[in-house]
Amino acid sequence: MQSPTLDFNRLEILSLLGRGAKGVVFLVRDKDDDRLLALKVILREAIEKKKKTKNNDEYKRVSFEQEVLSRFDHPLFPSLHGVSSTDKVIGYAIDYCPGKNLNSLRKMQSENMFSDEIIRFYAAELVLAFDYLHNQGIVYRDLKPDNVMIQENGHLMLVDFDLSTNLAPRTPQPSPSPSSETKSSPARRIKKRLFRFASFCNSGISPEEEESNSIRSSVSAAVSDSSRGEKSNSFVGTEEYVAPEVITGGGHDFAVDWWSLGIVLYEMLYGTTPFRGSNRKETFFRILTKPPNLIGETTSLRDLIRRLLDKDPSRRINVEEIKGHDFFRGVDWDKVTLVSRPPYIPAPDDGGDKGKDGNTKMDVEIIVQEIFAARKERDKQSDSNNNANLKLKNEKSGEWVKGLNNNNDLESDNNFLVF
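Numbering (UniProt numbering) for the sequence shown: 1 to 419.
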């Protein structure tokens, strides 16, 4: 499908909504119809550097995101309103969500936590969103509250698909009952995961610490067939939300999205993620070895979270079982997106008086370049400080997480890129 052409000259830049390792997101007004849009602008220089050494993966990610946006036809997903590029930037516009994201909304709640009733509504919409994506053969791979926006009508919208990938849809299979599970002990299963983790650590894949803590593979995605369908071996995600099978590198499929849903529901209930450690390595260790601490009385919500956070993807609850779970008893799945009064409806946003000076494409390019020039200088200083601190840390200790040997590869920051 051909993406519509976007003319930067017809857009007014109103404000900066966010920024990452490759680009910036602006709030803009389309002067032709006075509509507010979110404009994602990517600096060509940031992906050109990767193009020379990473088999053009970054261009593929940008192209893939534009392609999937152009074919979405669902109320919980954005529409692509246009694509444009210059010799310095690539930009594309999608729907603007005035309610910000789920993380911002959580912080507005009492004690930074949602009630079970509110969680039920948003969880149902996320289930529908994943069901739609998976039926399209797309695994999302980066669910986190920052990527779940609140639309003008109060319904959710899932954004950011540059970590998503295509997998061949497979026939849904019920999760095995406890009696059909292998008889290996929990200790044996943990040991097996740690062995895979050690193999991963020794592979030379090196994360880069970024503001958003997202992590991406420096190697091309490798896809293999298995008895459970097509899988990807890419190392992608956001550290506190990433599934165990992504960390161990044994291949992953659509089940990683249900794991991340469990993490998000836990965070909505408790105000924090379940496996957060003092650093990335400890977080990964906890993801692989620790059960979620579901404090409080046994409820259907806590049971759902427990089943979503099964470390074995073959036993993790699937979409049909999720829809039939007690937590969603009484939910009419065909009418969820038609609810007229969601838990929170944001105040109308017309953009105010911002941008009345009529900014043009030159402003977009200059702003993006200035942001990245400042960031580059900051990163140089940060790298110098980090190298000194890392040397001191390694001299003091030969063990990075209790039970695992030290692995300096995971401290390097050369091969990961975050949007």
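Ideal placement from N, C-alpha and C gives every residue a C-beta, glycine not left out.
In this text, all values refer to a predicted model and were calculated from it rather than measured experimentally.
Provide the residue span of the beta strand (DSSP E) that contains residue i, from first to last.
i	result
GLY23	23 to 30
ILE150	148 to 150
LEU16	11 to 19
SER84	80 to 85
LEU156	156 to 158
Helix, strand or coil: how does DSSP classify residue i here?
i	result
SER218	No answer about SER218 holds up, because its pLDDT of 32 lies below 50 and its placement is not dependable.
TYR92	strand
ASN318	coil
SER278	coil
THR5	strand
MET113	coil
THR273	coil
LYS40	strand
LEU338	helix
ARG329	coil
residue 420	There is simply no residue 420 to check, as the chain begins at 1 and stops at 419 in what is shown.
ARG141	coil
GLU399	Confidence at GLU399 is low in this model, with a pLDDT of 37, below 50, so the placement of that residue is unreliable and no value is reported for it.
SER203	With a pLDDT of only 38 at SER203, under the threshold of 50, the placement of this residue in the model should not be trusted; the figure read from the coordinates follows. It is coil, neither helix nor strand.
With distances taken between CB atoms, is the gap from residue i to residue j smaller than 7 Å?
i	j	result
LEU37	VAL28	yes
SER300	ASP334	no
PRO346	PRO145	no
VAL89	GLU267	no
VAL62	ARG141	no
ARG302	ILE317	no
LEU43	PHE328	no
ASN147	ASP160	yes
GLY137	ASN103	no
LEU265	ILE305	yes
ILE118	PRO348	no
GLY271	ASN101	no
What are the boundary residues of the alpha helix (DSSP H) that includes residue i?
i	result
ARG307	300 to 308
ALA124	116 to 135
ARG106	102 to 106
VAL246	244 to 248
Exposed or buried, residue i, counting other C-beta atoms within 10 Å across all chains shown (16 or more means buried)?
i	result
ASP34	exposed
LEU288	buried
SER164	buried
LYS107	exposed
GLY358	At GLY358 the pLDDT is 48, less than 50, meaning the model places this residue with poor confidence; the figure from the coordinates comes in the next sentence. Exposed is the call here.
GLY330	exposed
PRO292	buried
ILE295	exposed
THR248	buried
PHE195	The predicted position of PHE195 is uncertain, since its pLDDT is 48 and thus under 50; no value can be drawn from it.
ASP32	exposed
LEU338	exposed
GLU58	buried
ASP332	exposed
GLY324	exposed
ALA123	buried
Using alpha carbons as the reference points, say which of the options lies closest to residue i.
i	options	result
ASP253	ASN135, ARG10, PHE328	ASN135
SER278	GLU239, PRO291, ASP303, LEU304	GLU239
ILE94	VAL331, VAL83, LYS100	VAL83
LEU156	ALA373, VAL368, SER314, SER340	SER340
LEU11	ARG19, LYS22, LYS40	LYS40
ASP30	LYS22, SER79, ARG19, ILE13	ILE13
PRO75	ASN318, LEU158, VAL264, SER85	LEU158
ARG276	TYR270, ILE150, PHE284	PHE284
GLY91	VAL236, SER115, VAL25, LEU338	VAL25
VAL242	HIS81, ASP310, ARG120	ASP310
LEU128	GLY351, ILE367, GLU320, GLN369	GLU320
LEU258	ARG315, PHE121, GLY23	It should be pointed out that residue 258 corresponds to Trp in this sequence rather than to Leu. Among ARG315, PHE121, GLY23, the Cα nearest to that of TRP258 belongs to ARG315.
ASP350	GLY251, GLU152, GLY237, VAL236	GLU152
GLY251	GLU297, MET149, VAL139, SER85	VAL139
GLN369	GLY20, THR5, SER115, LEU6	GLY20
ARG120	LYS290, LEU69, LEU261	LEU261
GLY18	SER115, GLU67, MET149	MET149
Checking contacts by CB at 7 Å: is residue i closer than that to chain C?
i	result
LYS107	In the structure shown, chain C does not exist; there is a single protein chain.
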